[in-house]
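Counting along the sequence shown from 1, when you hit position 57 you're at 1230 in my numbering, and nothing is skipped either side.
The beta carbon of each residue, even a glycine, is placed where N, CA and C say it ideally should be.
Take a look at the structure set out below.
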Amino acid sequence: MPTPGVPTPWLSVVVPAYNEQATIVEAVTTLRDWLRSRGRPYEVLVVDNASEDATADRLAPVVDGASVRLLSNETNRGKGYSVRRGMLAARGELRLHCDADCYPSLPSLPALVAQIEAGADVAVGSRLAAGARLGRRQTLVRRVVGHSFVYLCRLVLRERTRDLFCGFKLWRGAAAEATFSRVSLQGWTFDAEALALARGLGFTLREVGIEWTDREGSRLVMGRVLWPVVRDLWAARRRVRRECASEEAIAVRARAAASADSRS
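This is the structure we're talking about:
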């Protein structure tokens, strides 16, 4: 929300963080310095998801309350909750949510901005779209598991985006507010619900190939998360249908269409 006397940022960057004490300072200072070099107003919002390590303490010297802000969850609410909180607290005309280790992808941000300027409401960073450049890649097993999850999410939510879970997505402020105020999933599957909602609300989505380096040491145990994922997806499907059929959603679609016409 706008703050009296404070310039509206051109870009807000929302970074969810959980137990990132080893890398959070490097991540945020790299983001801050890169954004500062662009010469336009910006803000970085870190949402600490009740980290059990010294993430918040390490970050404290970097936080200035203006260009770098810290929001702290009292309990671990999940990545989806943290991103939702940050996107709704952000003030930028454009709002990027990205993982704490995404700064190697910053050279790709102008390509996402170009898609927004060309008329998109959401520019989805993709490891699968044309032009993507991958550094360190996931293991074959993890890629197979990941593609299976993506296929399941796309099937249940009928969402066409190929790379649902890449942690580098740029939104127009209006699209972010309309969408994230409706997102219900609090875990890592929130991306799928957010994109399905955005499309259902009439916003334009475009995938953009980006530079990406996968994180070392991340793990996902399929048996542990499969049932909760299926349960959450079916609940999200019903919610997306209900939300996008409401009178308020119809008004959102009308405003999105009018905004698109004014930009064409």
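Simplified DSSP state of residue i, which is helix, strand or coil
i	result
S1357	coil
G1382	strand
S1299	strand
L1479	Nothing in the structure corresponds to residue 1479, since the chain is present only between 1174 and 1437.
R1411	helix
T1203	helix
V1236	coil
T1181	coil
D1405	helix
D1434	helix
Close Cβ partners of residue i (< 8 Å) along its chain, the five nearest in sequence each way excluded
i	result
V1235	V1198, V1201, T1202, R1205 and V1241
G1292	T1377, A1433, R1436 and S1437
R1372	E1332, R1333 and L1378
Option nearest residue i by Cα separation, candidates the options
i	options	result
I1331	V1413, R1355 and G1346	A small correction: the amino acid at residue 1331 is Arg; Ile does not occupy that position in the sequence shown. It is V1413.
G1304	T1181, E1384, S1354 and R1411	E1384
T1352	G1253, C1275, S1321 and P1277	G1253
A1190	L1208, D1230, A1347 and P1180	D1230
T1248	A1239, A1223, R1264 and L1269	A1223
R1264	S1245, D1294, A1287 and A1239	A1239
Q1288	E1350, R1316, R1345 and L1337	R1345
D1491	D1387, W1400, T1386 and R1410	Absent from the model: residue 1491. The displayed extent of the chain is 1174 to 1437, so no value can be given.
L1447	A1273, V1188 and P1283	Because the chain in this structure spans residues 1174 to 1437, residue 1447 falls outside the shown range and cannot be described.
C1275	V1403, L1244, G1251 and G1308	G1308
E1366	C1417, W1400 and R1306	C1417
Own chain residues within Cβ distance below 6 Å of residue i, not counting five before or after
i	result
T1228	A1190, E1193, Q1194, I1197 and D1221
L1184	Y1215, G1265 and L1267
R1257	F1353 and V1356
P1182	P1214, Y1215, E1216, R1264 and G1265
A1251	The sequence given here places Gly at residue 1251; Ala does not occur at that position. Cβ within range, chain order: Q1359 and G1360.
Other residues of its chain near residue i: CB distance less than 7 Å, five sequence neighbours each side excluded
i	result
G1298	S1278, S1281, L1285, C1339, F1341, K1342, V1381 and I1383
A1348	D1294, V1295, A1371 and F1376
L1301	R1335 and D1336
R1426	L1374 and G1375
S1245	D1221 and A1229
A1430	G1375
Residues that residue i bridges to, as DSSP identifies them
i	result
H1320	Partner(s): none; H1320 has no beta bridge.
V1188	V1219
F1341	C1271
S1245	D1221
R1306	E1384
8 Å Cβ cutoff, residue i in contact with chain B
i	result
G1238	Looking at the structure shown, chain B is missing, and only one protein chain is on hand.
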